[in-house]
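Q: Sequential numbering from 26 applies to the sequence shown in the working numbering.
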Amino acid sequence: MIIVTGATGKLGRRTVERLLERAPANRVGISVRDPAKAQDLADRGVRVRQGSFDDPTSLVHSFEGAEQLLLVSLDRTGQECVSGHRAAIDAAVQAGVGRILYTSQMGAAHDARFQACRDHAQTEDLLHATGLPWTALRNGFYASSALQFLEPTRHTGDIALPADGPVAWTAHDDLAEATAVILAEEARFEGPTPPLTGPAALDFDTIAEIASEATGRPFTRTVVPDDVFREQVLAHGAPVPIADLMLSIFAASRNGEFTAVDSTLAELIGRKPATFRTQLERAWAE
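(1) Could you spell out where the beta strand (DSSP E) holding Leu126 opens and where it closes?
(2) When burial is assigned at 16 or more other CB atoms within 10 Å of the CB, is Val97 buried or exposed?
(3) Cα separation between Thr160 and Thr222?
(4) At what residues does the beta strand (DSSP E) containing Asp183 begin and finish?
(5) Buried or exposed: where does Asn51 fall if 16 or more other Cβ atoms within 10 Å of its Cβ makes it buried?
(6) Run through DSSP, which three-state label would Pro60 get?
(7) Taking buried to mean at least 16 other C-beta atoms within 10 Å of its own C-beta, is Asp79 buried or exposed?
(8) So does the segment 168–175 actually touch the segment 246–264, counting three or more Cβ pairs closer than 8 Å?
(9) Going by alpha carbons, who is nearest to His86 out of Arg58, Ala116 and Leu94?
(10) With Trp159 as the anchor, note down where its beta strand (DSSP E) starts and where it stops.
(11) Given Glu306, which residues of its chain have a CB within under 7 Å of its CB, disregarding the five upstream and five downstream residues?
Next comes the structure, spelled out in structure tokens:
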């Protein structure tokens with residue numbers, strides 16, 4: 026069996042859908058906090074079991090029989106994140122899982138400026154320490170994050186954000202398909218994959234040009250000092266850790282941590298990954 030965690034989330038759900046195009050439903054299982062949210066998958070023959078990263082016993086049960094486990098990284102940061110991943114990896118070992126695949130990120134490193142990339146590096150260390158076969162999917166930075174930063178821009182026409190560097194913004198749909206290809210054993214990687222990225226690394230100056238071309242409206246780019254941006258985020262009600270996490274994305278991009286563009290994603294999905302313009306047009310049309 027192939028077991029997927031986080032299968033009701035943005036990446037996990039898309040991955041399960043692509044996987045069901047490649048494997049029979051009775052070979053696919055999911056581990057979710059709330060099985061009711063996956064009733065439609067159960068109706069299609071997918072094995073649905075309750076599993077919480079805060080309840081390791083439940084994970085052992087939901088991972089039972091897994092030849093492969095896709096561990097979708099938690100939407101947490103710091104030790105809370107790494108501890109959750111440790112619980113899941115320990116449960117996988119206890120359940121006798123054959124191989125663990127983990128949704129890591131390009132730029133994963135212990136000295137990364139972006140907290141999430143430091144968390145991914147620690148998790149990859151935990152995977153290596155198990156002695157099991159494992160793969161870390163070094164996903165390109167999700168383009169949905171850039172689109173969230175751009176949301177106020179749709180109305181103002183001004184991209185007012187901290188100084189940044191080029192980022193290989195990458196589509197969830199493309200990453201989900203590549204993950205399904207690997208889970209279906211049409212490709213295999215030992216340890217970290219090459220960066221699985223979109224076709225270009227773009228900074229927000231370039232994105233302003235793309236937005237202008239896509240909409241026929243003028244978009245400008247204003248650089249906001251880091252401390253001013255942080256205060257703006259806090260004023261909108263974000264907690265301090267989230268404000269610092271957002272700011273660290275820009276610090277990491279300025280440090281060149283997300284600039285890599287690699288052909289591996291295109292090779293896995295058999296086509297050119299979606300451009301950022303395509304993703305922006307689709308999101309703004311909706």
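For glycine and all other residues, C-beta sits at the position ideal for the given N, C-alpha and C.
A: Let me spell this out:
(1) Residues Arg124 to Gln130.
(2) Buried.
(3) Using only the alpha carbons, I get a separation of about 16 Å.
(4) Asp183: member of the beta strand (DSSP E) spanning Asp183 to Leu186, first to last residue.
(5) Classification of Asn51: exposed, given that the 10 Å Cβ count is below 16.
(6) DSSP places Pro60 in helix when its eight states are reduced to three.
(7) By the neighbour-count rule (16 or more Cβ atoms within 10 Å), Asp79 is not buried but exposed.
(8) Judged by pairs of C-beta atoms under 8 Å, the segment 168–175 does not touch the segment 246–264, as fewer than three such pairs exist.
(9) Ranked by how close their Cα comes to the Cα of His86, the residues Arg58, Ala116 and Leu94 have Ala116 in first place.
(10) Looking at the DSSP string, the run of the beta strand (DSSP E) that includes Trp159 is Trp159 to Asn164.
(11) The answer, listed in chain order, is Ala239.
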